[in-house]
Amino acid sequence: MVSLEQQIQPPGPEKEKEKKEKIPSSLDGDRGNVALLLLLYLLQGIPLGLIATVPLILQNKGVLYTDQAMFSLVGWPFSIKLLWAPILDAIYVKSFGRRKTWLVPIQFLIGVFMLIMSFQVDYWIDDPQGPHILPLTVMFFALNFLAATQDIAVDGWALTMLKRENVGHASTCNSMGQTTGYLLGYVVFMALESADFCNTYLRSVPQPVGVVTLGSFLLYCGPVFLVTTTLVGLLKTETEPHYEDRDQTCHSVLDTYKQLVLIARLPAVRTMAIVLLTCNIGFSANDAVTWLKLVTAGVPREQFAVVTMCMLPLKITLPVLLAKYVVGEAPMDVFNKVYPCRLAFNLVTAGFVWVTPHLMVKQHFPTYYYGLLVLIYGVYQVWLFSMFVTQMAFYARVSDPAFGGTYMTLLNTLTNLGGSWPRTLVLLFVDGLTFKYCSNDTKNVCSDPDLVKVCEDGYGLCHSYVDGYYVLVGFCTVFGLLWMSWGRPTIQDLQNRDLADWKVNA
Numbered sequence: 001m002v003s004l005e006q007q008i009q010p011p012g013p014e015k016e017k018e019k020k021e022k023i024p025s026s027l028d029g030d031r032g033n034v035a036l037l038l039l040l041y042l043l044q045g046i047p048l049g050l051i052a053t054v055p056l057i058l059q060n061k062g063v064l065y066t067d068q069a070m071f072s073l074v075g076w077p078f079s080i081k082l083l084w085a086p087i088l089d090a091i092y093v094k095s096f097g098r099r100k101t102w103l104v105p106i107q108f109l110i111g112v113f114m115l116i117m118s119f120q121v122d123y124w125i126d127d128p129q130g131p132h133i134l135p136l137t138v139m140f141f142a143l144n145f146l147a148a149t150q151d152i153a154v155d156g157w158a159l160t161m162l163k164r165e166n167v168g169h170a171s172t173c174n175s176m177g178q179t180t181g182y183l184l185g186y187v188v189f190m191a192l193e194s195a196d197f198c199n200t201y202l203r204s205v206p207q208p209v210g211v212v213t214l215g216s217f218l219l220y221c222g223p224v225f226l227v228t229t230t231l232v233g234l235l236k237t238e239t240e241p242h243y244e245d246r247d248q249t250c251h252s253v254l255d256t257y258k259q260l261v262l263i264a265r266l267p268a269v270r271t272m273a274i275v276l277l278t279c280n281i282g283f284s285a286n287d288a289v290t291w292l293k294l295v296t297a298g299v300p301r302e303q304f305a306v307v308t309m310c311m312l313p314l315k316i317t318l319p320v321l322l323a324k325y326v327v328g329e330a331p332m333d334v335f336n337k338v339y340p341c342r343l344a345f346n347l348v349t350a351g352f353v354w355v356t357p358h359l360m361v362k363q364h365f366p367t368y369y370y371g372l373l374v375l376i377y378g379v380y381q382v383w384l385f386s387m388f389v390t391q392m393a394f395y396a397r398v399s400d401p402a403f404g405g406t407y408m409t410l411l412n413t414l415t416n417l418g419g420s421w422p423r424t425l426v427l428l429f430v431d432g433l434t435f436k437y438c439s440n441d442t443k444n445v446c447s448d449p450d451l452v453k454v455c456e457d458g459y460g461l462c463h464s465y466v467d468g469y470y471v472l473v474g475f476c477t478v479f480g481l482l483w484m485s486w487g488r489p490t491i492q493d494l495q496n497r498d499l500a501d502w503k504v505n506a
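Counting along the sequence shown from 1, when you hit position 13 you're at 13 in UniProt numbering, and nothing is skipped either side.
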């Protein structure tokens, strides 16, 4: 199951610095800046939402899971942006502005990329010979790389654009703007691309296609980026802040990389890195494949957009409900308690996937099915988000303030990587662990699209007698149970360590 948290980044510890001095907050003089930040984060969320729709579209085209594994690499830039983030801090044109030096050309490139892709992306997806996975992966990877780089620039500019007493609003702008943009790229696009939705709500005469395609949507979005970026470049000036302290002083690229090495050498951080890079293996089959299996089973893509919308109230209220549990000396207690619940939920979602085809009636699912879908995904989101929030609270507690945002950014990077690599690996194995046969030719194993077409041309159907999804769910669940025997006491030990163990100069 894909979640918003896999793309939207949490605010770093720099926000904690605002607590040091209790200056009354007032948006007087900053309302325009807040509006600009909301707009910039909204633009950033649009390509993220569009990228999230592509695997669902490809699944309807019957692509292999190995193709999905290749496309999953598109999500990696947000997981590894720490590798080039220091460059943006150190290299810039002072007369133009530290952040505008990167923001303006990057957003121009996003707009240009969207325009270029708009002329080819529909062909790459709808080619009768099959989708062109390689160009789709390359172009969307480049688009996501640009979005991740824009995120770095906007995050940095937010800290200097707002008055000191208002910097805390930067995280709100981030979450609200990026979430809104994501919903535009994901929910709005999925609805307008759906023929069923458009015929039901927007048209008087039914048509076989939606109002937009991915190409036309990109064609509309490209000029929006170009015009907005031009206006920002011409009308918004950037000034250096007058309240820089030692933590806010920009280091050289080499200094920042040296900081990362010093942090990574700490025994506590090395152990934490192993925890973060392995803890999600137990959930990876569920995270990576479940939505795709539901699409294969016949669930309309646009219904996932509806489910995502239903989760918004939950995502708003859950952090508030968890606050009293994560504030204190032992926030990871929640992580340890939730881990087995989320692991057990692997079996619930696998069972739901198995029963889905049996609940279809005349090519449609009954209303109660979608109620079950919302309920199951909602419970899953509770487990997922609870672990996410407790991790962020723990990072804020142990991060060495002497290293500013570098420390927490490193831990966030490890967290994102720990979610990315298992999902890609799982997708690679699904096809290899799936065994099929053609109903009218047992020698046809339906192992690739050509053999599937041969079977269907002979009026046969491909049936799975071993489904790699269920094999991997079982394997990951067993791995998760074994991991708990090591991971939970290890996390408890890390949590009980003195804060001095997490400091570079300890």
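Just so it is clear, CB atoms sit at the ideal spot from N, CA and C, and this is done for glycine as well.
Excluding five sequence positions before and after Leu82, the CB atoms of its chain that fall closer than 7 angstroms to its own CB belong to Thr409, Leu410 and Thr413, given in chain order.
Per DSSP, the unbroken beta strand (DSSP E) holding His463 starts and ends at Cys462 to Val466. DSSP lists Val466 as the bridge partner or partners of Phe435. Judged by beta-carbon spacing, Val121 lies within the 8 angstroms limit of Leu218, meaning their Cβ atoms are closer than that value. Asp196: member of the alpha helix (DSSP H) spanning Ala195 to Tyr201, first to last residue.
The DSSP-derived three-state label of His364 is strand. Residue burial is scored here from C-beta neighbours: Ile133 has at least 16 other C-beta atoms within 10 angstroms and is therefore classed as buried. Between Pro422 and Ser284, the C-beta spacing is below 8 angstroms. If you look at Lys258, you'll find it in the alpha helix (DSSP H) that goes Val253 to Ala264. Shown here, Asp30 sits in coil according to DSSP, grouped into three states, outside any helix or strand.
By the C-beta density criterion, Lys100 is buried, having at least 16 other C-beta atoms within 10 angstroms.
The closest CA to that of Phe145, considering only Ala85, Ala170 and Cys476, is found on Ala85.
Taking 8 angstroms as the upper bound for CB-CB distance, Tyr41 and Cys173 are in contact here, some 6 angstroms apart. Nearest C-alpha to Lys362 among Phe385, Thr415, Val355 and Gly298: Gly298. The straight-line gap separating the alpha-carbon atoms of Asn280 and Gly419 is approximately 6 angstroms. Residue nearest to Asp127 within the set Gly62, Thr160, Asp155 and Ile106 is Gly62 (criterion: CA-CA distance). Taking a contact to require three or more Cβ pairs closer than 8 angstroms, the stretch 46–64 and the stretch 174–194 qualify as touching. With distances taken between CA atoms, Tyr469 lies nearest to Val289 out of His358, Val289, Pro401 and Gln129.
Thr477 and Tyr65 have their C-alpha atoms some 20 angstroms from each other. Remark: C-beta atoms of Thr349 and Tyr380 approach each other more closely than 8 angstroms. For Asp287, the secondary structure class from DSSP, reduced to helix, strand or coil, is helix.
In the structure shown, Asp67 adopts helical secondary structure according to DSSP, grouped into three states. When DSSP states are grouped into helix, strand and coil, Asp450 belongs to the helix group. Excluding sequence positions up to five before and after Leu192, its CB lies within less than 6 angstroms of the CB of Gly210, Val211 and Val212, all in the same chain and listed in chain order. In this structure, DSSP gives Asp441 an extended state, which the three-state scheme calls strand. In this model, Ser204 and Gly32 are separated by some 42 angstroms (Cα to Cα). Here DSSP, grouped into helix, strand and coil, assigns Tyr459 to coil. Nearest to Lys236 by alpha-carbon distance, out of Val224, Cys198 and Leu37, is Leu37.
Taken through DSSP and simplified to helix, strand or coil, Gln150 comes out as helix. Classified as exposed, Glu456 has fewer than 16 neighbouring CB atoms from the shown chains inside 10 Å of its CB. Taking Gln107 as reference, the option from Leu58, Leu226, Asp89 and Asn199 with the minimal CA-CA separation is Leu226.
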